[in-house]
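Everything on this sheet refers to the single structure shown next.
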Amino acid sequence: MQSKMSKTIAVIRTLTPTHVGTGQAVGLIDQPIARSTATGWPILPAQGLKGVLKSEPLREAYRKHLASEQDEKDAVKKAELELADIFGHPEKGLGSLRIAEAQLVLFPVRSGFGTYALVTCPLALQHLATLAELAEIDFEAPTVPAGQNGPNGALPVWVCQGTALVGGKLVVLDEYDLHPQDDRSLADGLAAKLAELLSLDEGDLRKRLAIVSDDLFTHLVRFCTEVRTTTALEVATKKVKDGTLRTAEFLPPYAVFAAYAEVPDEWMDNDKVVQLGANESTGAGIARIHWS
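Just so we're aligned, residue 223 is where the sequence shown starts under the working numbering, counting upward by one.
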């Protein structure tokens with residue numbers, strides 16, 4: 223029996239550093255994260271998200287069938303067929319699950335005050351509004367004015383009343399001094415809407431939310447990811463094996479993505495903790511998925 227499906231937004235929040243890669247080196251980074259060709263912003267590809275959503279129910283179905291099947295291959299086949307209505311199967315055709323590429327909404331950036339900020343921009347909010355329209359959810363992207371530069375050309379930033387990000391009349395994100403705008407109502411209203419839509423803690427979001435220009439956002443999401451260097455050691459000598467030095471790019475914890483999805487009704491009230499991408503054995507890629 224096919225499950226009844228609901229239109230929704232899948233809200234994915236990274237909880238640990240996450241590497242969802244492309245398999246192709248870019249510049250000095252051997253293993254970059256996946257990015258949109260249009261914006262250069264990090265994305266979570268749809269195929270990977272579908273696989274992550276399938277992995278847990280597939281394991282459960284496999285264990286169930288393995289108890290009555292002596293052949294592991296038969297147990298796998300029966301498990302795949304059991305999930306065919308939702309996830310599809312070569313013998314059954316397309317499944318009912320739909321999930322699109324996840325787009326970046328909030329990106330954590332080191333802050334000179336308040337530890338870190340959750341940064342967004344007008345274009346990211348417009349993308350989110352488009353997803354909300356597809357899912358028939360009420361959300362409109364606010365109109366963000368050009369703003370006023372501060373002393374020494376500090377670029378404008380919008381923050382909430384009671385923000386933790388301002389110190390000495392400046393917001394410092396990574397290496398950039400920004401000028402907080404006097405009008406706090408824009409960020410206050412957005413924080414309330416985002417907290418409801420994305421199931422985030424509104425109090426924490428009000429402390430950390432920063433709205434910047436599209437250009438600055440693009441720069442931050444390009445250069446404020448984490449790059450790690452890894453090697454492999456010889457077992458006997460503990461020396462680095464030749465040719466094993468690699469650099470890999472990771473999304474920081476607390477990045478928030480959103481994707482349009484059509485999922486079974488019974489999923490809607492159940493958040494999922496999943497593992498995205500590579501380096502599972504070292505705790506990377508742990509994320510929470512919420513259905514709006």
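Glycine included, every Cβ here is placed at the ideal spot set by N, Cα and C.
Using CA coordinates, which residue listed in the options is at the minimum distance from residue i?
i, options, result
"residue 393", "509, 463 and 430", "430"
"residue 366", "358, 376, 428 and 348", "348"
"residue 391", "397, 372 and 407", "372"
"residue 329", "406, 441 and 273", "441"
"residue 422", "272, 270, 511 and 297", "511"
Suppose you measure from the CA of residue i to the CA of residue j; what does that come to, to the nearest Å?
i, j, result
"residue 467", "residue 505", "20 Å"
"residue 370", "residue 502", "45 Å"
"residue 507", "residue 490", "22 Å"
"residue 250", "residue 464", "18 Å"
"residue 395", "residue 317", "44 Å"
"residue 410", "residue 444", "27 Å"
"residue 374", "residue 338", "23 Å"
"residue 236", "residue 498", "9 Å"
"residue 234", "residue 439", "19 Å"
"residue 238", "residue 266", "15 Å"
"residue 494", "residue 459", "42 Å"
"residue 342", "residue 433", "5 Å"
"residue 376", "residue 386", "19 Å"
"residue 336", "residue 295", "53 Å"
Ordered along the chain, which non-local residues of its own chain (more than five positions away) have a Cβ less than 6 Å from that of residue i?
i, result
"residue 487", "226 and 228"
"residue 419", "361 and 514"
Spatial neighbours of residue i within its chain, please: CB distance less than 7 Å, with the 5 preceding and 5 following residues excluded, ordered by chain position.
i, result
"residue 515", "A question about residue 515 goes unanswered here, because the residues of the chain that appear run from 223 up to 514."
"residue 240", "472, 473, 498, 499, 506, 507 and 509"
Suppose the cutoff is 8 Å on Cβ atoms and the five residues either side in sequence are ignored; what does the same chain contact list for residue i look like?
i, result
"residue 447", "255, 264, 471, 472, 473 and 474"
Is residue j closer than 8 Å to residue i when the C-beta atoms are compared?
i, j, result
"residue 509", "residue 231", "no"
"residue 532", "residue 483", "Residue 532 lies beyond the stretch modelled for the chain, which goes from 223 to 514, so this question has no answer here."
"residue 326", "residue 477", "yes"
"residue 416", "residue 427", "yes"
Check your understanding: Can you give, in chain order, each stretch of the alpha helix (DSSP H) that sits fully within the stretch 431 to 483 and has at least 4 residues?
Key -> 436 to 445
**Study point:** Continuous alpha helix (DSSP H) assignments of at least 4 residues falling wholly in the stretch 321 to 361
**Key:** 344 to 356
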